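Note sheet for the following structure.
Residue numbers (this note's numbering): 335 to 433.
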């Protein structure tokens, strides 16, 4: 039969998948900056340019939309994972960390 995984495993997996989406976002932004001729930036505000339409020109619009999707999915999944861990911590449920 099918067994439902514990909630701490679901929270861990959600955080891991969210981190992978954010990694894909950073790689997509690096590729956009390389094609556009910009130097890769580590400033916080430069990473949100992917959310603005035609921020890198019309020819890079599909890449920008891809990067924006990766950013949104990554942030949402990490927020859900953190909320699950917070809920587990708040309810006093064991989180599965062997100390």
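Glycine included, every Cβ here is placed at the ideal spot set by N, Cα and C. Keep in mind it's a predicted model, so treat the numbers as computed, not measured.
Tell me whether residue i is buried or exposed, calling it buried when 16 or more other Cβ atoms sit within 10 Å of its Cβ.
{"i": "residue 415", "result": "buried"}
{"i": "residue 426", "result": "exposed"}
{"i": "residue 424", "result": "exposed"}
{"i": "residue 361", "result": "exposed"}
{"i": "residue 350", "result": "exposed"}
{"i": "residue 411", "result": "buried"}
Looking only at C-alpha atoms, which of the options sits nearest to residue i?
{"i": "residue 359", "options": "335, 399, 336, 419", "result": "399"}
{"i": "residue 390", "options": "352, 364, 343, 357", "result": "364"}
{"i": "residue 406", "options": "342, 341, 338, 355", "result": "355"}
{"i": "residue 421", "options": "338, 336, 402, 342", "result": "342"}
Inset, instruction - Examine the Cβ distances between the stretch 361-371 and the stretch 415-425 and report whether three or more of them are shorter than 8 Å. - result: no
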